[in-house]
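Residue numbers (this note's numbering): -1 to 131.
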């Protein structure tokens, strides 16, 4: 089994500056900044996808509700989505969730199950946006 870990923020910090008046150097700096941003996004996405898969199996639910559960959990625990996803994956490896994340998970699961039971659907006289018109 692969171990999942988030990379520290300072790992991405590269101090690169272009001399004033050097357009090619400024382009290189801009491209490196964009490259670093894309690397961060991809690293976070992998752990988010892994956590979504775990939620899909354990809840059980589809990908959309699983991701919504993780987003809801991140809002409840005031943490970024990749941090929450890494914590969920780390539970599989024996690490406990923080108290704040456990509370967020409980609330998110209650909301997921309430929507699954139909508690989150609009009344019959309101259009749901689904089906034929």
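Think of the CB as a built atom: it goes at the ideal place given N, C-alpha and C, for glycine as much as any other residue.
Once DSSP output is grouped into helix, strand and coil, what is the label at residue i?
i           : result
residue 118 : Summary for residue 118: the model assigns pLDDT 48, below 50, so the residue's position carries little reliability; its value from the coordinates is reported in the next sentence. Coil.
residue 42  : helix
residue 58  : coil
residue 95  : coil
residue 51  : helix
residue 20  : coil
residue 33  : helix
residue 76  : coil
Have a look at the options and flag the residue whose alpha-carbon is nearest the alpha-carbon of residue i.
i           : options         : result
residue 71  : 44, 91, 95      : 95
residue 84  : 31, 30, 26, 44  : 44
residue 97  : 111, 90, 82, 20 : 82
residue 144 : 48, 66, 19, 93  : Because the chain spans -1 through 131 in this model, residue 144 falls outside it and cannot be assessed.
Determine, for residue i, whether the minimum Cβ-Cβ distance to residues of chain C falls below 8 Å.
i          : result
residue 31 : No chain C is present in this structure, which holds just one protein chain.
Hey, would you say the C-beta of residue i is under 7 Å away from at least one heavy atom of the ligand ADP?
i          : result
residue 69 : Because no ligand of any kind appears in the structure shown, any question about the ligand ADP cannot be addressed here.
Okay, do the stretch 26 to 39 and the stretch 54 to 69 touch, 3+ Cβ pairs below 8 Å being the bar? Counting Cβ pairs under 8 Å, fewer than three are found: no touch.
The stretch 69 to 87 touching the stretch 102 to 117, judged by at least three CB pairs closer than 8 Å: yes
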